[in-house]
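One structure below.
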Amino acid sequence: MSDYLHEIVEFERHLLKFLQAHQEELQSLYKQSSDVWIGKEAVYRLYDQSFKVYNIQKWSQDVPELLEQVSKEPFHPILREMIRNGTNQTFETAYNSMWYTKAKPIVDLFLHLRFYVEVALDEIQKTDKKRFGSPSWYLLLYLWNMQYRETT
40 MSDYLHEIVE FERHLLKFLQ AHQEELQSLY KQSSDVWIGK EAVYRLYDQS
90 FKVYNIQKWS QDVPELLEQV SKEPFHPILR EMIRNGTNQT FETAYNSMWY
140 TKAKPIVDLF LHLRFYVEVA LDEIQKTDKK RFGSPSWYLL LYLWNMQYRE
190 TT
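Residue numbers for the sequence shown follow the working numbering, so the first one is 40 and each next one is one higher.
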């Protein structure tokens, strides 16, 4: 087994143990995101052009804070950019004229993170045999830019 493949297999074991150990936190985050006053309101407020869409940023910071504990490896560059653009944003009235451009990254990040939490909870329930090769498991690996690839 190549060193790279060994690294991924070890990472997978560590990731699964982490997710299992933090299942209650993940379930709590998922439940929060499903609450009408968090998740559904966030999407509604995007269309309503309400500054209240900015309220979901706290939840969108909690998920990466939890998942950063998995590894010292940085998140995938796309996710890092989404976190940068979708958190720590402050509403200014001047943003009303460019509403969609300013609010969309906040909602996009929320929806992506909610999906990742849902996938993590699903993957905890699977047997090892069903997990390996699963697109949703590979999606979780991609959070840290871990991927199976040909090695020579």
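Note that beta-carbon positions come from the ideal geometry of N, C-alpha and C, so glycine has one too.
By DSSP, does residue i sit in helix, in strand, or in coil?
{"i": "residue 125", "result": "helix"}
{"i": "residue 61", "result": "coil"}
{"i": "residue 130", "result": "coil"}
{"i": "residue 74", "result": "coil"}
{"i": "residue 186", "result": "coil"}
{"i": "residue 67", "result": "helix"}
Which whole-angstrom value describes the C-beta separation of residue i and residue j, a residue pair presumed to lie in contact below a C-beta threshold of 8 angstroms?
{"i": "residue 61", "j": "residue 105", "result": "6 angstroms"}
{"i": "residue 93", "j": "residue 145", "result": "6 angstroms"}
{"i": "residue 130", "j": "residue 90", "result": "4 angstroms"}
{"i": "residue 96", "j": "residue 126", "result": "5 angstroms"}
Could you check if residue i is buried or exposed, using at least 16 other CB atoms within 10 Å of its CB as the buried criterion?
{"i": "residue 155", "result": "buried"}
{"i": "residue 187", "result": "exposed"}
{"i": "residue 191", "result": "Bear in mind that a pLDDT of 46 at residue 191, under 50, signals an unreliable position, so the number given afterwards is only what the model happens to contain. The residue in question, residue 191, is exposed, as its Cβ has fewer than 16 Cβ neighbours within 10 Å."}
{"i": "residue 141", "result": "buried"}
{"i": "residue 67", "result": "exposed"}
{"i": "residue 103", "result": "buried"}
{"i": "residue 172", "result": "exposed"}
{"i": "residue 76", "result": "exposed"}
{"i": "residue 84", "result": "buried"}
{"i": "residue 99", "result": "buried"}
Taking 8 angstroms as the limit between beta carbons, can you name the residues of its chain near residue i, skipping five residues before and five after?
{"i": "residue 138", "result": "88"}
{"i": "residue 159", "result": "58, 65, 179"}
{"i": "residue 121", "result": "144, 147, 148, 151"}
Closer than 7 angstroms by C-beta to residue i: which residues in its own chain qualify, once you throw out the five before and the five after it? Chain order, please.
{"i": "residue 82", "result": "146"}
{"i": "residue 182", "result": "106, 114, 115, 118, 155"}
### Message
Suppose only complete runs of 4+ residues qualify. What are the alpha helix (DSSP H) ranges in the stretch 81 to 116, listed by chain order?
### Response
The alpha helix (DSSP H) runs of length 4 or more contained entirely in the stretch 81 to 116 are, from start to end of the chain, 96 to 106.
### alpha helix (DSSP H) runs wholly inside the stretch 136 to 176, at least 4 long, in chain order
Counting only runs of at least 4 residues, the stretch 136 to 176 fully encloses the following alpha helix (DSSP H) elements, listed from N- to C-terminal order: 138 to 164, 167 to 170.
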